[in-house]
Amino acid sequence: MLVDSIILNRFNILADWLHHLFLPSFVLGIYLSGIFVRLTYAQVTETLFKDFITAARARGIPERRILYKYGLRNALIPIVTMMGLQFAALLSGAVLTETVFNWPGIDSLVYESILARDYNLVQGSIIIYAFLVA
Numbered sequence: 010m011l012v013d014s015i016i017l018n019r020f021n022i023l024a025d026w027l028h029h030l031f032l033p034s035f036v037l038g039i040y041l042s043g044i045f046v047r048l049t050y051a052q053v054t055e056t057l058f059k060d061f062i063t064a065a066r067a068r069g070i071p072e073r074r075i076l077y078k079y080g081l082r083n084a085l086i087p088i089v090t091m092m093g094l095q096f097a098a099l100l101s102g103a104v105l106t107e108t109v110f111n112w113p114g115i116d117s118l119v120y121e122s123i124l125a126r127d128y129n130l131v132q133g134s135i136i137i138y139a140f141l142v143a
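First residue of the sequence shown? That's 10 in this note's numbering, and the numbers climb one at a time after it.
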């Protein structure tokens, strides 16, 4: 539907789709933002007290460059790892979001297939989730 509206130059459908996508996306994003803000702050604070940062300050490198190039780059390693782990949590949290906003998605399909005991659909969706997460 999204691609069709772009091809047919019907941008009112695209605008309506984006309008209805905003709130569910905001809910899923705000759910994880607190975790990443705290983790980023902790990692950057820990990195800024390491010896290579002290050596960079002694060389006279500007503080902004130390923060972004050396501090944040080294702090991103555990953050990217946590993003991979939280992606699976985001997929499982989408079940509740799809239910609340009445969006027909793969998570609500899996939920309904579990209730209906449609095990073939459940197995297929687990394989799809495994490919998405791995």
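Even glycine gets a Cβ: it sits at the ideal position worked out from N, Cα and C.
> For G80, is the classification buried or exposed, using 16 other Cβ atoms within 10 angstroms of its Cβ as the cut-off for buried?
Replying inline: A residue is called buried when at least 16 other Cβ atoms come within 10 angstroms of its Cβ; G80 meets this threshold and is buried.
>> Using the three-state DSSP reduction, which class does G69 fall into: helix, strand or coil?
In response: In the structure shown, G69 adopts coil according to DSSP, grouped into three states.
> What whole-angstrom Cβ distance do E107 and S117 have, given they're in contact under 8 Å?
Replying inline: At roughly 4 Å, the Cβ-Cβ gap stays under 8 Å, so E107 and S117 are in contact.
>> Using only CA atoms, which one of D25, I62, N83, L30 lies nearest to W112?
In response: Checking every option, the nearest Cα to that of W112 belongs to L30.
> alpha helix (DSSP H) containing P87: first to last residue?
Replying inline: Looking at the DSSP string, the run of the alpha helix (DSSP H) that includes P87 is 82–109.
>> Rounding to the nearest angstrom, what Cα-Cα distance links L57 and A98 in this structure?
In response: About 30 Å.
>> Quick check: the Cα distance between F20 and W26, rounded to an integer number of angstroms?
In response: Per the coordinates, the alpha-carbon of F20 lies some 10 Å from the alpha-carbon of W26.
> Going by C-alpha distance, which of T54, I15, V36 is nearest A103?
Replying inline: Cα-wise, what sits closest to A103 is V36.
> Just checking my contact of S14 with L23 at CB under 8 Å: how many whole Å lie between their CB atoms?
Replying inline: That pair is a contact at about 5 Å.
> Can you tell me whether A51 is buried or exposed, with buried defined as 16 or more other CB within 10 angstroms of its CB?
Replying inline: Looking at its Cβ environment, which holds fewer than 16 other Cβ atoms inside 10 Å, A51 is exposed.
>> Rounded to whole angstroms, what is the Cα-Cα separation between I75 and R47?
In response: Roughly 20 Å between the two C-alpha positions.
> Using a Cβ-Cβ cut-off of 8 Å (strictly less than) and excluding sequence neighbours within five positions of V131, which residues of its own chain qualify?
Replying inline: V119, S122, I123.
>> Quick check on the burial criterion: 16 or more other C-beta atoms within 10 angstroms. Buried or exposed for A125?
In response: A125 should be labelled exposed.
>> Comparing C-alpha positions only, which one of I137, T49, M91, I16 sits nearest to A84?
In response: The option with the nearest alpha carbon to A84 is T49.
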